[in-house]
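J.:
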Amino acid sequence: MPSTPTTQPPAPPTPLLCIDAVGKDYSATTVLDGVTLALNAGEVLALTGENGAGKSTLSKIVCGLTPATRGGMRLAGQTFAPATRREAEQHGVRMVMQELGLVPTLTVAENLLLGRLPNRAGWLQRDVLHAAARTQLAKIGLESIDPATPVSQLGIGQQQMVEIARNLQDDTRIL
Numbered sequence: 006m007p008s009t010p011t012t013q014p015p016a017p018p019t020p021l022l023c024i025d026a027v028g029k030d031y032s033a034t035t036v037l038d039g040v041t042l043a044l045n046a047g048e049v050l051a052l053t054g055e056n057g058a059g060k061s062t063l064s065k066i067v068c069g070l071t072p073a074t075r076g077g078m079r080l081a082g083q084t085f086a087p088a089t090r091r092e093a094e095q096h097g098v099r100m101v102m103q104e105l106g107l108v109p110t111l112t113v114a115e116n117l118l119l120g121r122l123p124n125r126a127g128w129l130q131r132d133v134l135h136a137a138a139r140t141q142l143a144k145i146g147l148e149s150i151d152p153a154t155p156v157s158q159l160g161i162g163q164q165q166m167v168e169i170a171r172n173l174q175d176d177t178r179i180l
């Protein structure tokens with residue numbers, strides 16, 4: 006009797022972010038202890054809890070704003086311990102802070118592309134700037150916001166959405 010080949014189910018994908026027994030102490034005070042979680046690509050995860058529960062501290066560890074005291078992290082299977090926010094961003098990990106990082110005197114477009122403003126021979130290319138800004142805004146359904154609008158003229162909710170759009174750059178893996 007011929008044997009029939011058995012098919013194995015595919016191996017589960019490697020989580021995008023693994024946090025393994027992460028802890029954080031400030032002097033003699035433990036603010037996080039043994040936090041473990043796995044986040045898969047495309048997954049939405051909400052950190053909830055009372056004030057002082059450690060949500061912001063964990064987020065700051067993931068985004069390179071403060072180091073963990075113990076434990077470790079892996080990003081796409083590789084050891085991940087960003088020492089700075091810039092290092093985390095270079096790996097596609099970004100954080101939207103409670104305090105907005107927008108410049109109120111600049112336009113929506115200028116805020117979205119701050120540090121990456123398109124220019125030719127030192128001259129700002131506004132048409133390219135506005136087209137890129139419209140693309141960023143469209144990613145989260147904000148087509149109604151005019152990229153030429155100064156951020157100071159937006160309501161706080163719209164400003165928060167612009168901040169989210171700014172952080173959803175093409176290389177963002179975790180927000």
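The sequence shown finishes on residue 180 if you use the working numbering, and the numbering steps up by one all the way, no holes.
We put the CB at the ideal spot given by N, CA and C, even for glycine.
1. Under three-state DSSP, which class holds Val156?
2. Can you check DSSP and say which residues form a bridge with Gly28?
3. Would you check if the distance between the CB atom of Leu22 and the CB atom of Leu52 is smaller than 8 Å?
4. Taking Thr112 and Pro152 to be in contact with their CB atoms under 8 Å, please state how far apart those CB atoms are, rounded to whole angstroms.
5. Is Leu42 near Arg99, with beta carbons less than 8 Å apart?
6. For Leu117, which residues in the same chain have their Cβ closer than 8 Å to its Cβ, ignoring the five residues on either side in sequence?
7. Using alpha carbons as the reference points, say which of Val40, Gly82, Gln164 and Pro20 lies closest to Tyr109.
8. Nearer than 7 Å: is that true of the beta carbon of Val156 relative to any heavy atom of the ligand SAM?
9. Can you tell me whether Leu22 is helix, strand or coil according to DSSP?
10. Taking the continuous alpha helix (DSSP H) assigned at Ala136, which residues delimit it?
11. Smallest Cα separation from Ala33: which of Leu173, Lys60, Thr74 and Gln83?
12. DSSP three-state call for Gly39: helix, strand or coil?
13. Could you work out which residue in Glu115, Ile145, Ser149 and Gly146 is closest to Val133 when comparing CA atoms only?
14. For the candidate residues Gly39, Val156, Pro18 and Glu104, whose alpha-carbon lies nearest to that of Met78?
15. Within 10 angstroms of its Cβ, does Lys144 collect 16 or more other Cβ (buried), or is it exposed?
16. Suppose you measure from the CA of Gln103 to the CA of Thr19; what does that come to, to the nearest Å?
T.: On the basis of the data shown:
1. Helix.
2. Answer is Arg75, bridged to Gly28.
3. Against a cut-off of 8 Å, the Cβ pair of Leu52 and Leu22 comes out as no contact.
4. That pair is a contact at about 6 Å.
5. For Leu42 and Arg99, no; Cβs fall outside 8 Å.
6. Hits under 8 Å: Ala137, Ala138, Gln141, Leu142, Pro152, Val167, Ala170 and Arg171.
7. The sequence as given places Pro at residue 109; Tyr does not occur at that position. When Val40, Gly82, Gln164 and Pro20 are compared, the shortest CA-CA separation from Pro109 is found for Gln164.
8. Of ligands this structure carries none, so the ligand SAM is not represented either.
9. Per DSSP, reduced to three states, the secondary structure at Leu22 is strand.
10. Start and end: Arg131 to Ala143.
11. Among Leu173, Lys60, Thr74 and Gln83, the Cα nearest to that of Ala33 is on Thr74.
12. Note: Gly39 maps to strand in three-state DSSP.
13. Here the closest residue by C-alpha is Glu115.
14. Closest option to Met78, Cα to Cα, is Gly39.
15. An exposed status is given to Lys144, since fewer than 16 other beta-carbon atoms sit within 10 Å of its beta-carbon.
16. Cα-Cα distance, rounded: 30 Å.
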